[in-house]
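Heads up, the sequence shown is in UniProt numbering, so the first residue is 1 and it goes up one at a time.
First up is the structure itself, then whatever we jot down about it.
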Amino acid sequence: MKLNQSLIALALAGLSFVSLSAQAHKPWLLPSSTLVEAGRDGAAWVTVDAAVSEGLFDIDHVPLKIDGIDVSGPGGIKLTPENIGNGKLRNTFDLKLTKPGTYKIALVTQGVFGSYKDKDGNIKRFRGTEESLAKDVPADATDVKLTRNESRLETFVTNGDPSDDVLKPSGKGLELVPVNHPNELRAGEKVTWRFLLDGKPAANQGVSLIPGGVKYRGTLGEIRHNTDAKGELTLTLPAAGAYMVSSSWPAAAAPVPGQPPQMVPRRASYAAILEILPD
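See the structure below:
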């Protein structure tokens, strides 16, 4: 439980990372629809749910902090979430898609956490940002252990015909570059995804695809794949529905009995909520 509580705390602080563990609480952004048609004014609306839950897309735990949400669209336009609702179990917001094309809704977070020994030899733990590091860790601290955490959570929505502007990678952290457009996925068809780490192919990277609705199935239904030397994987898409595709780097080290989990200097994670349409 201590591990799960740590993950939840990071998510609430906007510093969450997505674990491939089936037991971890997962942050997610779920749009009301990924394909919408414009009205007479050329605009279309979508509502997005934001939460952290144990059951994927189940509203069963806590809301996801959305202060850092970034919405980009065709031609580099930026949108501001509207009608924000802060609930006990989830947050919601609306987006007015003012132009035809594809929009990316992203929550990108960075943080630092770790431990140190104070002048009396007591072990202290902290969690913060690069900016707060000097305040969190005293100048006379010893045995300082740091982990820098970078996470990217995304989903995509298209108004009318899809476009590719928002699919270009930033070159920072772990990212998915969809070879097939993320809003044109159909059950039974093959799809290729390319993963990059700091703009370079993420070779032999473990990737998980999990459908929502586990509480109605009774089984997780997870699909696991590893990328090739080019950072790519190809799979046949399963049944229609909303899915989370996720990956984290580096791969978790095997636990050593009697020792705490290994701290690594850096962690990077990626997760996207995608909709697979009927064939």
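Cβ atoms here follow ideal geometry from the backbone N, Cα and C, with glycine treated the same way.
Bear in mind the structure is a predicted one, so any value in this text is a computation, not a measurement.
Exercise. DSSP puts residue 145 in a beta bridge; with which residues?
Worked result: Position 145 of the sequence shown, counted from the first residue, corresponds to residue 145. Paired residues: 115.
Problem set entry | Range of the contiguous alpha helix (DSSP H) that encloses residue 214 | Counting from 1 along the sequence shown, the entry for residue 214 is found at position 214. 214-217 is the span of the alpha helix (DSSP H), which, as asked, contains residue 214.
Problem set entry | Closest Cα partner of residue 200 within the set 94, 105, 172 | Taking the first residue of the sequence shown as position 1, residue 200 is located at position 200. Cα-wise, what sits closest to residue 200 is 172.
For this session: Quick one: give me the first and last residue of the beta strand (DSSP E) that residue 44 is part of.
Result: As a first step, residue 44 is located in the sequence shown; it is residue number 44 there, counting from the start. Where residue 44 is concerned, the enclosing beta strand (DSSP E) starts and stops at 44-53.
Exercise. Given that a residue counts as buried once 16 or more other Cβ atoms are within 10 Å of its Cβ, and exposed if not, what is residue 29?
Worked result: Within the sequence shown, residue 29 is the residue found at index 29, counting from 1. Buried: at least 16 other Cβ atoms inside 10 Å.
Exercise. Would residue 62 pass as a contact of residue 157 if the rule is Cβ separation under 8 Å?
Worked result: Working through the sequence shown from its first residue, we reach residue 62 at position 62. Working through the sequence shown from its first residue, we reach residue 157 at position 157. No, these two residues do not count as a Cβ contact at 8 Å.
For this session: Could you check if residue 145 is buried or exposed, using at least 16 other CB atoms within 10 Å of its CB as the buried criterion?
Result: Locating residue 145 in the sequence shown gives position 145, counting from the first residue. It is exposed - the Cβ of residue 145 has fewer than 16 other Cβ atoms within 10 Å.
For this session: Using the Cα positions of residue 124 and residue 110, report the straight-line distance between them to the nearest angstrom.
Result: One-based indexing of the sequence shown puts residue 124 at position 124. One-based indexing of the sequence shown puts residue 110 at position 110. Whole-angstrom Cα-Cα distance: 21 Å.
Exercise. Would you report the Cα separation of residue 245 and residue 119, rounded to the nearest angstrom?
Worked result: Position 245 of the sequence shown, counting from 1, holds the residue named residue 245. Position 119 of the sequence shown, counting from 1, holds the residue named residue 119. Cα to Cα, the separation comes out at about 45 Å.
Exercise. Which whole-angstrom value is the C-beta distance of residue 97 and residue 159, which I expect to be below 8 Å?
Worked result: Against the sequence shown, residue 97 aligns to sequence position 97. Against the sequence shown, residue 159 aligns to sequence position 159. Contact flag correct, Cβ pair sits at about 4 Å.
Exercise. In chain order, which beta strand (DSSP E) runs of at least 3 residues are fully inside the region 153-236?
Worked result: List check, beta strand (DSSP E) in window: 174-178, 190-197, 206-211, 223-226, 232-236.
For this session: Could you have a look at residue 65 and say whether DSSP puts it in helix, strand or coil?
Result: Reading the sequence shown from its first residue, position 65 is the one you call residue 65. Note: residue 65 maps to coil in three-state DSSP.
For this session: Classify residue 259 as buried or exposed, calling it buried when 16 or more other Cβ atoms lie within 10 Å of its own Cβ.
Result: Looking up residue 259 in the sequence shown gives position 259. The residue is exposed, with fewer than 16 neighbouring Cβ atoms inside 10 Å.
Exercise. Is residue 243 near the ligand PLP, judged by its Cβ being under 7 Å from some heavy atom?
Worked result: The ligand PLP is absent from the structure shown, which contains no ligands of any kind.
Problem set entry | Assumed close pair residue 275, residue 185 - CB separation to whole angstroms, cut-off 8 Å | In the sequence shown, counting from the first residue as 1, residue 275 sits at position 275. In the sequence shown, counting from the first residue as 1, residue 185 sits at position 185. Rounded to whole angstroms, the Cβ separation of residue 275 and residue 185 is 7 Å, and the two are in contact under 8 Å.
For this session: Have a look at residue 165 and residue 254 and give me their C-alpha separation to the nearest angstrom.
Result: Position 165 of the sequence shown, counting from 1, holds the residue named residue 165. Position 254 of the sequence shown, counting from 1, holds the residue named residue 254. For residue 165 and residue 254, the distance between alpha carbons rounds to 40 Å.
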